[in-house]
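Have a look at the structure below before the remarks.
Residue numbers (this note's numbering): 361 to 791.
What follows is the structure in structure tokens.
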């Protein structure tokens, strides 16, 4: 049975590897991880039920005792594995800004991001544009600006909990963004196609509910129906909430939209404050407001991480329930075996050795459940890790697993201590 389920998991993984949409890939790999979890538990069930020979050590006696009530042992492993699977799989999607200075990060290597209340018609990368606002050459040395033309619409970022109908359109020269940001699907070259657009993955999937190749209907500047097709998705970026078009395609649809109102600015991180203050002061009449790109990205990611935290609590409840069940199982097993343990003590086994044997039996169940859950969860979230949808929080998950392990061992130890209290030989006399 376990091999059959494993074959099903392999089939889902093969389908996920060749699937076209990100949703299909994620769904198939998650299904593969779930089937792997079931396969692991099925193999554990077969192992518990297999016949065993004579035992010649306390460790072997302990392993044989696990098979006395295989359904109980399997229930504990299953509860622990399922809880850890949920917690690990969900937290693997927790996102962080990472190294914001990297061009393949969510900031695209830009240091500042901002918007203006009124259009900026001048090109701030040219000397003429900088002279128009009296920008200081020394302060602006090495500063590069990627300006976007903007057509107002619905906010489709994670900050808006409602489903956006017509998100903001932004037109940019793709050459200014070449080699920047990290893509879940596609690349900037896709903007060379007519009516093609690129959006942040969170915007497309959750804010708009669309996938690669899907189209959104708009009206152009003349009031005619005009569609925009999703040709690429960015993996966690400061461009959330917008549909990014090539500047030529944008101007063809909206020739009356003059000037720029959204800006990405690259400068040395240590000079970001000085550059932001200077630009804000000199472009005050255009209503320019700037903030660190990393800060904007962390604001977007914090919304997604809040939802992940909610699901983490649900998974934590399952883990705690499994750990509490482990303590109850230990107590019941020991109470049922008091006569056996008393006999072992009568023939020379020390009480401390018997306690360690019983404790080792159930710690083994705990470790087996943790291992099955973690391996299954890592498989389930492999596409997200491979595509950079979020870095696996190893420190957080390591502390979580260590805490579960420590709490489980403590629960088992307390249960064993309480159940084996007193003279075990008295149980033999009563029988």
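Even for Gly, the Cβ is constructed at its ideal location relative to N, Cα and C.
In this text, all values refer to a predicted model and were calculated from it rather than measured experimentally.
Here residue 499 has 634, 635, 638 as same chain residues with Cβ atoms under 7 Å from its own Cβ, once five neighbours each way along the sequence are excluded.
Rounded to the nearest angstrom, the Cβ distance from residue 400 to residue 732 is 4 Å, consistent with a contact under 8 Å.
When the beta-carbon positions are compared, residue 775 and residue 687 come within less than 7 Å of each other. In this structure residue 696 is exposed. Its beta-carbon is surrounded by fewer than 16 other beta-carbon atoms within 10 angstroms. When secondary structure is reduced to three states using DSSP, residue 455 falls in the coil class, being assigned neither helix nor strand.
Inside the region 631-660, DSSP marks whole beta strand (DSSP E) runs of 3 or more residues at positions 649-652, from first to last along the chain. The closest CA to that of residue 771, considering only 506, 759, 690, is found on 690. For residue 459 and residue 471, the gap between their C-alpha atoms comes out near 11 Å. Exclusion of the five residues before and after residue 560 leaves 594, 597, 599, 600 as the residues of its chain whose Cβ lies within less than 6 Å of its Cβ. In this structure, residue 603 sits away from residue 534, with a CB-CB distance that is not shorter than 7 Å.
Approximately 15 Å separates the beta-carbon atoms of residue 440 and residue 757; this is outside 8 Å, ruling out the contact. In the three-state reduction of the DSSP assignment, residue 579 falls in the strand class. When C-alpha distances from residue 407 are compared across 426, 552, 668, the shortest belongs to 426. Annotated as distal: residue 509 and residue 555, with beta-carbon spacing of 7 Å or more. Looking at the DSSP output, residue 689 bridges to nothing. At a Cβ-Cβ threshold of 7 Å, residue 520 and residue 505 do not count as neighbours. Taking the CA atoms as reference points, residue 670 sits about 16 Å from residue 518. Beta-bridge partners of residue 527 (DSSP): 514. When 449, 403, 431 are compared, the shortest CA-CA separation from residue 738 is found for 449.
Looking from the CA of residue 615, the closest CA among 764, 627, 395, 583 belongs to 583. Rounded to the nearest angstrom, the Cβ distance from residue 591 to residue 550 is 4 Å, consistent with a contact under 8 Å. With a cutoff of 7 Å on beta-carbon distance, residue 393 and residue 662 are scored as not near each other.
Around the beta carbon of residue 607, 16 or more other beta carbons lie within 10 angstroms, which makes this residue buried. Spanning the alpha carbons of residue 578 and residue 524 requires a straight line of approximately 13 Å.
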